[in-house]
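Undergrad: Pasting a structure here, questions to come.
Number of protein chains: 2
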Amino acid sequence: MRLTTKGRYAVTAMLDLALQEGKRPVTLQDIAMNQEISLSYLEQLFAKLRAAGLVKGMRGPGGGYRLAQKMGDISIASVIAAVDEKADMTRCGGEANCLDGEKCLTHELWMELSDKIYEFLNGITLGELVRRPEVIEVAERQEAVRQGLRSGRLKTVIVEADSLIGGAK
Amino acid sequence: MRLTTKGRYAVTAMLDLALQEGKRPVTLQDIAMNQEISLSYLEQLFAKLRAAGLVKGMRGPGGGYRLAQKMGDISIASVIAAVDEKADMTRCGGEANCLDGEKCLTHELWMELSDKIYEFLNGITLGELVRRPEVIEVAERQEAVRQGLRSGRLKTVIVEADSLIGGAK
DNA sequence: TGAAAACCAAGTAAAGAAGTTGGAAATTAT
DNA sequence: ATAATTTCCAACTTCTTTACTTGGTTTTCA
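Protein sequence lines correspond, in order, to chains A and B.
So the number in my numbering is just where the residue sits in the first sequence, counting from 1, plus 1458.
So the number in my numbering is just where the residue sits in the second sequence, counting from 1, plus 1458.
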């Protein structure tokens, strides 16, 4: 289980998806604005999430993404594994050939740590996360911003601010 | 607590040092050969380990490095922290300003995971590792190679093999 | 005095992360 | 039908970090 910002982006986006479950599909555009991740980077991540069978995309206006499984069945570990294919924490990637075909001195230590991390992340699902108070709190704040954007008022402010500063990213 | 190959190199080298404790100082040349890490990369890592007060260097012939503290007092976490200064697992590095000065959706999750990893690595010391059977086993195999190199026989073989293949790295 | 080592600084190469660009295909709303 | 909206796709760029390289200098021992 390798841990990078890439995996974090994926988990955050998936959690956003889980929070909107039941409403209409969520567009990447929407996630990009809320979580401040670039749209095309999200596209790349979602291509992998889709390949892993974690989400399904729907094209056209009103389209977007939905979870492909029940949120209680999607573990954080599976999300991270989906986007960052090479999950080798050790020099050898699990095989014990780190050093001249033999185990290196610290092989067991990293294996043990990998197991611990996997155990932790595999034990938590999106379903569990959406029920956490602190997640709900942040989600509500973000929902308010989303409403503002949709109504057009905040969007105008942002566009104006961007043109003053020198363009959005 | 960020986890990279850099930290792993440092821990492996430190463990090598711990295993030789009591004998004469260990040269980086020696570690480089045994653990297959480039000498100058090791120099850079040891500059940081020295700055962190984990090792002390002795110059001149017969010199090398020794642990600066009792091996039972050196945790794996402290070794990793020494070489990989920016220990930010989260987008915000512990501060809760990951998103527009506010906590992002998954802030608590990563903090929790960071704590777990730190707890694990902080609970293990070099002193503990050198007593583990699998470490002792690997160390003994490496010691045999070291003896062979010192006696000159294996070294000759390696040099010959290298010139056949096209040079060492 | 010479060799062996730590020490130091600057650079390079390769990889991966993150983002960019410019589309094509599907689907819905007008 | 057509236009807008969205996923889907591929290639490329930029930035950062890792890992390694080069070419020294100082210290210390034999």
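Ideal placement from N, C-alpha and C gives every residue a C-beta, glycine not left out.
What you are looking at is a predicted structure, and each value in this text was computed from that prediction instead of being measured.
Taking only beta-carbon atoms, is Val1513/A less than 8 Å away from chain B?
TA: Cβ-Cβ to chain B under 8 Å: no for Val1513/A.
Undergrad: So, with DSSP's three-state summary, where would you put Lys1528/A?
TA: Correct three-state label for Lys1528/A: coil.
Undergrad: Just reading off the beta strand (DSSP E) that Val1513/A is part of, what are its end residues?
TA: Segment 1513-1516, the beta strand (DSSP E) holding Val1513/A.
Undergrad: Between which two residues does the alpha helix (DSSP H) harbouring Thr1470/A extend?
TA: Start and end: 1463-1477.
Undergrad: Can you determine whether any heavy atom of the ligand NAD sits closer than 7 Å to the C-beta of Glu1479/A, and answer yes or no?
TA: Only the bare structure without any ligand can be found here, which leaves the ligand NAD out of the picture.
Undergrad: Does any CB atom of chain B fall closer than 8 Å to the CB of Arg1611/A?
TA: A caution first: Arg1611/A carries a pLDDT of 46, below 50, which makes its placement in the model too unreliable to give a value.
Undergrad: Bridge partners for Tyr1523/A per DSSP, in chain order?
TA: Tyr1523/A pairs with Val1484/A, Gly1515/A.
Undergrad: Which residues in chain A have a C-beta closer than 7 Å to the C-beta of Gly1593/B? List them in chain order.
TA: Gly is not the amino acid found at residue 1593/B; the sequence shown has Val there. The contacting residues are Leu1563.
Undergrad: Name the one or two DSSP bridge partners that Thr1564/A has.
TA: In the DSSP output, where bridge partners are listed per residue, Thr1564/A has none listed.
Undergrad: Between which residues of its own chain and Val1484/B is the CB-CB distance below 8 Å, once the five residues before and five after are set aside?
TA: Counting only Cβ-Cβ distances below 8 Å, and skipping sequence neighbours, we find Asp1474, Leu1475, Gln1478, Gly1522, Tyr1523, Arg1524.
Undergrad: Among the candidates Asp1542/A, Ala1540/A, Arg1482/A, whose CA atom is the shortest distance from the CA of Gly1520/A?
TA: Ranking the options by Cα distance to Gly1520/A, first place goes to Arg1482/A.
Undergrad: Identify every run of the alpha helix (DSSP H) within the stretch 1572-1612 of chain A, keeping only runs that are complete inside it and at least 4 residues long; order them along the chain.
TA: 1584-1587, 1591-1609, all fully within the stretch 1572-1612 of chain A.
Undergrad: Per the contact definition of three or more C-beta pairs closer than 8 Å, is the stretch 1486-1500 of chain A in contact with the stretch 1568-1587 of chain A?
TA: Result no; under three Cβ-Cβ pairs closer than 8 Å.
Undergrad: I believe Leu1587/B touches Val1593/B by the beta-carbon criterion, under 8 Å. Please report the beta-carbon distance rounded to the nearest angstrom.
TA: About 5 Å separates the two Cβ atoms, so the contact holds.
Undergrad: Per DSSP, which residues does Ser1533/A bridge with? Please list them.
TA: The partner list for Ser1533/A (beta bridge, DSSP) reads Thr1583/A.
Undergrad: From Ile1532/A to Glu1566/B, what distance separates their C-alpha atoms?
TA: Straight-line Cα distance between these residues: approximately 18 Å.
Undergrad: Short of 8 Å in beta carbon distance, which residues of its chain neighbour Glu1501/A, apart from the five on each side in sequence? Order them along the chain.
TA: So the qualifying residues of the chain are Leu1486.
Undergrad: Quick one: using the 10 Å Cβ neighbour count with 16 as the cut-off for buried, is Ala1505/B buried or exposed?
TA: Burial call: exposed.
Undergrad: Output needed for Gly1581/B: all residues of its chain with C-beta closer than 8 Å, excluding positions within five of it in sequence on either side, in chain order.
TA: So the qualifying residues of the chain are Ser1533.
Undergrad: Would Ala1535/A pass as an interface residue toward chain B - the criterion being a Cβ-Cβ separation below 8 Å?
TA: Chain B, which has no Cβ nearer than 8 Å to the Cβ of Ala1535/A, makes this no.
Undergrad: Going by DSSP in three states, Ile1538/B sits in which element: helix, strand or coil?
TA: Helix, per DSSP.
Undergrad: Output needed in chain order: residues of the stretch 1579-1593 of chain A with a Cβ under 8 Å from some Cβ in chain B.
TA: For the stretch 1579-1593 of chain A, which is checked against every Cβ of chain B, the residues closer than 8 Å are Leu1579, Ile1582, Leu1587, Arg1590, Glu1592, Val1593.
Undergrad: Apart from the five residues just before and just after Gly1511/A, which ones in its own chain have a Cβ nearer than 8 Å to its Cβ?
TA: These residues qualify, in order along the chain: Ala1526, Gln1527.
Undergrad: Output yes or no for whether 8 Å exceeds the beta carbon distance between Asp1542/B and Arg1460/B.
TA: In this structure, Arg1460/B lies closer than 8 Å to Asp1542/B by Cβ.
Undergrad: Could you spell out where the alpha helix (DSSP H) holding Ser1632/A opens and where it closes?
TA: Summary: the structure shown does not reach residue 1632/A, with chain A confined to residues 1459 through 1627, and so no result is reported for it.
Undergrad: Helix, strand or coil, according to DSSP, for Met1491/A in the structure here?
TA: Note: Met1491/A maps to helix in three-state DSSP.
Undergrad: Do Ala1535/B and Leu1507/B have their beta-carbon atoms positioned less than 8 Å apart in this structure?
TA: Cβ atoms of Leu1507/B and Ala1535/B: not closer than 8 Å.
Undergrad: Given a threshold of 16 other Cβ atoms within 10 Å of its Cβ, counted over all protein chains shown, does Val1603/B qualify as buried or as exposed?
TA: Counting Cβ neighbours within 10 Å, Val1603/B comes out exposed, since fewer than 16 surround it.
Undergrad: What residues from chain B crowd round Lys1574/A, counting only those whose CB sits closer than 9 Å?
TA: Neighbours of Lys1574/A on chain B, chain order: Lys1574, Ile1575, Phe1578.
Undergrad: Using CA atoms only, rank isn't needed, just tell me which of Trp1568/A, Pro1591/A, Gln1605/A, Phe1578/A is closest to Thr1463/B.
TA: Here the closest residue by C-alpha is Trp1568/A.
Undergrad: Going by the beta-carbon positions, is the gap between Gln1600/B and Asn1492/B smaller than 8 Å?
TA: Yes, the Cβ-Cβ distance between Gln1600/B and Asn1492/B is below 8 Å.
Undergrad: Under the three-state reduction of DSSP, which class applies to Met1569/B: helix, strand or coil?
TA: Note: Met1569/B maps to helix in three-state DSSP.
Undergrad: With burial defined as no fewer than 16 other Cβ atoms inside 10 Å of the residue's Cβ, what is the status of Ala1539/B: buried or exposed?
TA: That one is buried.
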